[in-house]
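With our numbering as the guide, the letters of the sequence shown map in order to residues 2 to 130. The C-beta atom is built at its ideal place from N, Cα and C for all residues, glycine as well. All values derive from a computational prediction rather than experimental measurement. Below: one structure, written as structure tokens.
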Amino acid sequence: MARIDGVELPRNKRIEYALPYVFGLGLKSSRDILTKVKINFDTRVKDLSDEEVASIQREVSAHYMTEGDLRKKERADIRRLQDIGSYRGLRHKRSLPVRGQRTKTNARTRKGPRKAGSAVALKRAVTKK
Numbered sequence: 002m003a004r005i006d007g008v009e010l011p012r013n014k015r016i017e018y019a020l021p022y023v024f025g026l027g028l029k030s031s032r033d034i035l036t037k038v039k040i041n042f043d044t045r046v047k048d049l050s051d052e053e054v055a056s057i058q059r060e061v062s063a064h065y066m067t068e069g070d071l072r073k074k075e076r077a078d079i080r081r082l083q084d085i086g087s088y089r090g091l092r093h094k095r096s097l098p099v100r101g102q103r104t105k106t107n108a109r110t111r112k113g114p115r116k117a118g119s120a121v122a123l124k125r126a127v128t129k130k
């Protein structure tokens with residue numbers, strides 16, 4: 002049972018692929034950590050000793066910002082952009098894509114589901130006389 006920064010790692014996965022379950026760690030940083038603490042990438046999480054888990058935890062807490070601290074920093078960065086009134090901050094406020102993507106079509110992930118009635122404004126049905 003390996004817990005890194007409050008996250009329970011899946012027991013049957015290789016440690017190389019289990020570490021990215023921690024928010025803020027990706028595959029590259031996972032491999033860097035394991036190389037630094039000299040643990041084989043093929044080792045399963047359930048096969049790790051307590052000393053190995055402790056060494057991974059020390060390495061992560063010493064050199065990486067993860068979980069709550071990272072989420073707090075991201076929120077603060079977005080709030081700062083909104084407070085200074087930057088273009089990116091306005092896009093965040095309006096729930097629109099921030100990085101220059103088109104919005105005439107697509108962008109549904111960021112904008113949410115289509116709103117009823119706004120597809121074609123004032124379009125009237127043709128009536129037969």
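query	result
Anticipated Cβ contact below 8 Å, Leu-49 with Ala-3, distance rounded	6 Å
Within 9 Å, strictly: CB atoms of Leu-28 and Glu-17	yes
Assigned exposure category for Ala-1 - 16 Cβ within 10 Å defines buried	The structure shown has nothing for residue 1, since the chain only spans 2 to 130.
For Lys-47 and Ile-57, the rounded distance between their alpha carbons	14 Å
Cut-off 7 Å between Cβ atoms - residues of its own chain near Ile-34, not counting five sequence neighbours on either side	Leu-20, Ile-57, Glu-60, Val-61
Own chain residues within Cβ distance below 6 Å of Thr-44, not counting five before or after	Ile-16
Assigned secondary structure, Ile-5 (DSSP; H/G/I helix, E/B strand, else coil)	strand
Assigned exposure category for Leu-91 - 16 Cβ within 10 Å defines buried	exposed
Member of Val-23, Phe-24, Phe-42 whose CA lies at the smallest distance from the CA of Arg-32	Phe-42
Per-residue DSSP class, three states only, for Arg-45	strand
Beta-carbon spacing of Gly-7, Gly-101 below 9 Å	no
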